[in-house]
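Chains P and E are the protein sequences, given in the same order. Sequential numbering from 1 applies to the first sequence in the UniProt record's numbering. Sequential numbering from 1 applies to the second sequence in the UniProt record's numbering. Just so you know, even glycine gets a beta-carbon here, dropped at the ideal spot from N, CA and C. Here is the structure we will look at.
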Amino acid sequence: MHSWRIGVGAVLLGLITVMAIAAPLLAPFDPMAISGPPLLPPDASYLLGTDMLGRDVLSGMIHGARVSLIVGLVSALCSAGIGITVGAIAGYFGGAIDRALVRFTEFFQVIPSFMFVILLVAILTPSLLSITLAISVVIWPPVARLVRSEFLTLKTREFVEAARSLGLSHGSVIVREILPNAMPPVLAVGSLMVATAILTEASLSFLGLADPNMTSWGYMIGSARPVFRHAWWLSVFPGLLLFLTVLSITLLSEGLGDKSNPSLRGQAGH
Amino acid sequence: MSLLRIEDLRIALPKGGDRAFAVDGVSLHVDQGETLCVVGESGSGKSLTASAIVGLLPSRSLRVAGGRILFEGSDTLRMSSRELQDLRGGRVGFVFQDPLSSLNPLERIGKQVEEVLRQHRWTGDHRQRVLEMLSAVQLPSPESLVEAYPWQLSGGQRQRVMIATALATRPSLLVADEPTSALDVTTQAQILELLRDLTKQHGIALFLITHDFGVVARMADRVAVMKSGKLVEYGTRDAVLRTPREAYTRKLLDAVPPLRAGPARPAGEPVLKATGLTKSWVTRGSLFRPGRTVAALKNVSMSLGHGNTLAVVGESGSGKSTLARVLMCLTGADSGQADLVGINANYLGLRSRDLATVRRNIQLVFQDPYASLNPRRRIGAAVAQGPLAQGEKPGAVHARVAELLGKVQLDPSAADRYPNEFSGGQRQRIAIARALAMRPRVLIADEAVSALDVSVQAEILTLLKDIQRDEGLSMIFVTHDLRVAARMADQVIVMQSGCVVEQGAMQDVLTAPQHHYTAALIDAVPSLPSISVQQ
Chain P
1 MHSWRIGVGA VLLGLITVMA IAAPLLAPFD PMAISGPPLL PPDASYLLGT DMLGRDVLSG
61 MIHGARVSLI VGLVSALCSA GIGITVGAIA GYFGGAIDRA LVRFTEFFQV IPSFMFVILL
121 VAILTPSLLS ITLAISVVIW PPVARLVRSE FLTLKTREFV EAARSLGLSH GSVIVREILP
181 NAMPPVLAVG SLMVATAILT EASLSFLGLA DPNMTSWGYM IGSARPVFRH AWWLSVFPGL
241 LLFLTVLSIT LLSEGLGDKS NPSLRGQAGH
Chain E
1 MSLLRIEDLR IALPKGGDRA FAVDGVSLHV DQGETLCVVG ESGSGKSLTA SAIVGLLPSR
61 SLRVAGGRIL FEGSDTLRMS SRELQDLRGG RVGFVFQDPL SSLNPLERIG KQVEEVLRQH
121 RWTGDHRQRV LEMLSAVQLP SPESLVEAYP WQLSGGQRQR VMIATALATR PSLLVADEPT
181 SALDVTTQAQ ILELLRDLTK QHGIALFLIT HDFGVVARMA DRVAVMKSGK LVEYGTRDAV
241 LRTPREAYTR KLLDAVPPLR AGPARPAGEP VLKATGLTKS WVTRGSLFRP GRTVAALKNV
301 SMSLGHGNTL AVVGESGSGK STLARVLMCL TGADSGQADL VGINANYLGL RSRDLATVRR
361 NIQLVFQDPY ASLNPRRRIG AAVAQGPLAQ GEKPGAVHAR VAELLGKVQL DPSAADRYPN
421 EFSGGQRQRI AIARALAMRP RVLIADEAVS ALDVSVQAEI LTLLKDIQRD EGLSMIFVTH
481 DLRVAARMAD QVIVMQSGCV VEQGAMQDVL TAPQHHYTAA LIDAVPSLPS ISVQQ
């Protein structure tokens, strides 16, 4: 049941990743340079047409994959790092530490997240680093809550008490006993966060808050807005690629989520 | 004609299971008003057989592959789901093991009992029937009880409610699946008595599933012994219990520890002493409810002699597990002190980083072997964990792991496997090896065999005795089961609501209990000799 999702998701995402890594080899033109007449519809030499300045759309899309994937992966990793640390400490120690950390998490949750990202990027000036940072700061609270609840149930399990009674330190109980058992749901949510981060980056670029030195899908869609009615190819193709990327990640995440749920594991044959 | 006749029932397991049929060619019958006990260890197919009677197989991957189940003359395997619904709770009542999870926590007791009457279109006055049933199961003040919620009742009371519900529609058959396994012994005895009286009084047939031969001796007219889906032995109670034909039945019977203790071994120097331990739990109140203080330990003192075994006996809520956890420093005590004699005087209240010597000297074996091993850690790593955390050299630890696995009679290749590849008994051996890896002076076993089948239980108890003799270990054996305590212990302390009500040599306490609670506990043990008493 979940295996086809993992398969399709992995193949799609693999292709996009290869495209991002090999971008300079695959792209027919420099994505930032004027390489032909403006607003040329798709034809044999410009497979997906050109934009208002005569830049090749296909090349832009291929290079844009780099921004999307880097922002997606790095901010998901950073926010997973923050979320797991906060959640694990809150869940394991409980009491006053827990209450303080939960309040801290809620503080981030009650701020409208997209406004917060815009604010951070605007203050830090748009660049790949500041965008990634801003997204990580905003999307970690759900991870922290999930990890905390996993820790709350796992820490009362007998194997954790057994580890404590063998004299293991708090650190190794957290990292080596509880965390591996708490990871499967975190992985599923984490991969969904990659998708969220990619979409947030695209939205930022759409609003013009993009790294000016790099092409990104959201920037391409955003800048094509005024000419959408007579140059549809400028927004449709990057939009499709964005859609496929997020879809592949979502499929992967759902597949992994089902796989980590033991109550669904037995139904694989149905 | 029999009320219920099961003929050559086969229930197929999905492909890749450990056997082809979960229930394989079982034929049984239950006559009007009689009690049939179906006995077997876990996985013997006894519960599935009962579920099949009313079409309640737990998973869609299980299906009936053959046979007939005739109830009052008609085959339930051929009934429509509508007809089965009328049967369930109507002509056939059910009582399950866990009375808490079988009751809806959000609905009042009265409504839940009435539900079954409404479902089966009971013609008389519903409320009156509910009150009648609640008093029939001897619940106090039924009028106020109908307004109560399940969490306000004790486990025994909940099981009485379940019985009231099951019998409300005057069924001709009551199926009870381990109805008393989750209850304390004294409650268990009362519930069994109630079941027997009610079924005999109203001529209801009882299909009773149990793993406990003590229950069989108390309840059965006839007995069916099952193993791996097959019927091993089938006959009247006295025939099966006194002159069993099959080796398997004899093995099960022999595994039941008799309620008899040997003389206490001479006590060595005390190794672990505790005085005046007190611990209470404070539940935080809410806006509507004041906080409560529950005393788990009240001024408890104990002393464990070298090479001896001390049993801590009591029912749930008596504080026996809290005592184990306090001695292990897994829970702090409010006051009192504990000494590891000659090593660490008054070790309670040490910070966790200063507990190393305590951890080395006292080790714990937990109740549930399925929960006490980290599912993502190989067996070898689990056993090696403690010594490595204490800073022993990896090479020496590795050799010791192999030796320990041998000592608990597991193959050394077990070290590279994960816990899910082992049975409950094997897991408990692993947990024992993990505890022994620390070379402790004191081993605390907290209900260490309660979750195991009797034959496995007997093996683990023998193993623990052997290890104790070889290693000169001192043991604290926390258990609710007097039979297990009698088999293992030299000394015993009996606990009730956080207090020690009696202590002394196991043999003396069993033969001449001083406290009435101890006497009640001993009386309530369903043991085999009670057959002759009840003739």
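Asked	Found
Using a beta-carbon distance below 8 Å, is R99(P) in contact with chain E?	no
Tell me the rounded alpha-carbon separation between A295(E) and G257(P).	43 Å
Determine the burial state of V282(E): buried for a count of at least 16 other Cβ atoms within 10 Å of its Cβ, exposed for fewer.	exposed
Which chain P residues sit within Cβ distance under 7 Å of S372(E)?	E158, F159, A162
Excluding the 5 residues flanking R260(E) on each side, which residues of the same chain have their C-beta closer than 8 Å to its C-beta?	A486, L510
Do you know how far the Cα of L388(E) is from the Cα of V86(P)?	28 Å
By how many angstroms is the C-alpha of V300(E) removed from the C-alpha of S316(E)?	17 Å
Between F477(E), E72(E), L48(E), which has its C-alpha nearest residue 547(E)'s C-alpha?	Nothing can be reported for residue 547(E): it is not among the residues displayed for chain E, which extend from 1 to 535.
Apart from the five residues just before and just after A168(E), which ones in its own chain have a Cβ nearer than 7 Å to its Cβ?	V113, V116, L117, R129, M133
Let me make sure I understand the geometry here. Which of R148(P), A33(P), G64(P) has the alpha-carbon closest to that of R99(P)?	R148(P)
Mind reading off the beta-carbon distance from T35(E) to M219(E)? Whole number of angstroms is fine, and I expect it under 8 Å.	6 Å
Once you ignore the five residues that flank L410(E) on each side, which residues in its own chain have a CB closer than 6 Å to its CB?	R429
Check D8(E) in the structure and name its three-state DSSP category.	strand
Spell out whether any CB of chain P is found under 8 Å from the CB atom of D368(E).	yes
How many whole angstroms separate the CB atoms of L222(P) and F206(P), which I take to be in contact at a CB cut-off of 8 Å?	Going by the sequence as given, residue 222(P) is Gly instead of Leu. With 8 Å as the limit, G222(P) and F206(P) qualify as a contact, their Cβ atoms being about 4 Å apart.
Where does W217(P) land, buried or exposed, given buried means 16+ other C-beta within 10 angstroms?	buried
If we ignore side chains and look at the alpha-carbon of each, how far apart do S532(E) and R242(E) end up?	Bear in mind that a pLDDT of 38 at S532(E), under 50, signals an unreliable position, so the model cannot answer this.
I'd like to check one pair, Q363(E) with D311(E): are the Cβ atoms closer than 8 Å?	The sequence given here has Ala at residue 311(E), not Asp. Contact flag unset, no.
Flag this pair as yes or no: are the beta carbons of I89(P) and E201(P) separated by less than 8 Å?	no
Apply the 10 Å Cβ neighbour rule to H120(E) and answer buried if 16 or more other Cβ atoms are within range, or exposed otherwise.	buried
My output table needs one value for E254(P): the three-state DSSP class, helix, strand or coil.	helix
Does the beta carbon of L252(E) come closer than 8 Å to any beta carbon on chain P?	no
Quick one: give me the first and last residue of the alpha helix (DSSP H) that N181(P) is part of.	179 to 206
In chain P, which residues lie less than 7 Å from residue 541(E) when you measure between Cβ atoms?	Coverage of chain E is limited to positions 1 through 535, which leaves residue 541(E) absent and any answer about it impossible.
Using the Cα positions of G25(E) and L62(E), report the straight-line distance between them to the nearest angstrom.	15 Å
My output table needs one value for K200(E): the three-state DSSP class, helix, strand or coil.	helix
Please confirm if E254(P) has its CB atom under 8 Å from at least one CB of chain E.	no
Flag G95(P) as yes if its beta-carbon sits less than 8 Å from any beta-carbon of chain E, otherwise no.	no
Please state the DSSP three-state secondary structure of Q128(E).	helix
Taking the straight line between their C-alpha atoms, what separation do you get for G66(E) and A176(E)?	24 Å
Below 8 Å, how does it come out for the stretch 229 to 249 of chain P and the stretch 43 to 53 of chain P: are there three or more Cβ pairs, yes or no?	yes
Just the Cα atoms here: how many angstroms apart are E147(E) and S141(E)?	11 Å
Specify, as a first and last residue, the run of the beta strand (DSSP E) that D339(E) falls within.	335 to 340
Can you pull the chain P neighbours of A338(E), defined as C-beta to C-beta under 8 Å?	Simply none; closest approach about 15 Å.
Would you say E150(P) lies against chain E (beta-carbon separation less than 8 Å)?	no
Taking F207(E) as the reference, give the member of P258(E), V383(E), D221(E), A396(E) with the closest Cα.	D221(E)
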